[in-house]
Every structure is written in structure tokens, then in C-alpha cells.
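Down below is the structure, laid out as C-alpha cells.
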Amino acid sequence: MPITPFNFGPGALFKTAAPRHVSRTAFALADGFIDLEPILLFFLTGEPVHRFFHTLLGATLAALAAGVC
13 MPITPFNFGP GALFKTAAPR HVSRTAFALA DGFIDLEPIL LFFLTGEPVH RFFHTLLGAT
73 LAALAAGVC
């Protein structure tokens, strides 16, 4: 189950704490982008593996990319 509603809880919390500095759209884009990795790997290998984008470095890069968009 790739994109779960549980992932949006922290985004809502951060948006409430700092509404001018947090974008729900950027948070949702980063979350969705990160969850594309296991879907792609499932279709390529048959196993839903969480690899690079589920590490601190990978998630940070995805968040930065979503923030720029």
C-alpha cells in the first residue's frame, strides 16, 4: 500500500505550526515521489523494496526537489 494517509499527518502538523513556511503541496509531492520507488521496483523485480528514497539522504533530496517545484 504505497501512498497512505498516515504520511500526511506530519505534514498537517508542520503546516499548523508554521503555515507560512510549509507547503502542503510540496509535502504531498515529496511523499508521493518517495513512494513511487517501491512501485517501480515491484514492477521491475517483483519485490516492493524500499531503497534509496527511503533513506535520510534520499528523502531529503526528494523534499528539496518538491520544494523547488
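Here this note's numbering is used: the first residue of the sequence shown is 13, the next is one more, and so on.
Just so it is clear, CB atoms sit at the ideal spot from N, CA and C, and this is done for glycine as well.
Quantities reported herein were computed from a predicted structural model and do not represent experimental measurements.
With burial defined as no fewer than 16 other Cβ atoms inside 10 Å of the residue's Cβ, what is the status of residue i: buried or exposed?
i, result
"A77", "exposed"
"A29", "exposed"
By the three-class DSSP mapping on this structure, what secondary structure does residue i have?
i, result
"V61", "coil"
"T37", "helix"
"T67", "coil"
"P31", "coil"
Return the CA-CA distance between residue i and residue j, expressed in angstroms with no decimal places.
i, j, result
"A40", "T57", "26 Å"
"K27", "P60", "30 Å"
"L52", "H62", "10 Å"
"A42", "T72", "9 Å"
If residue i sits next to residue j, beta carbons under 8 Å apart, how far is it from one beta carbon to the other, in whole angstroms?
i, j, result
"A24", "I46", "A24 to I46, Cβ: 17 Å. No contact."
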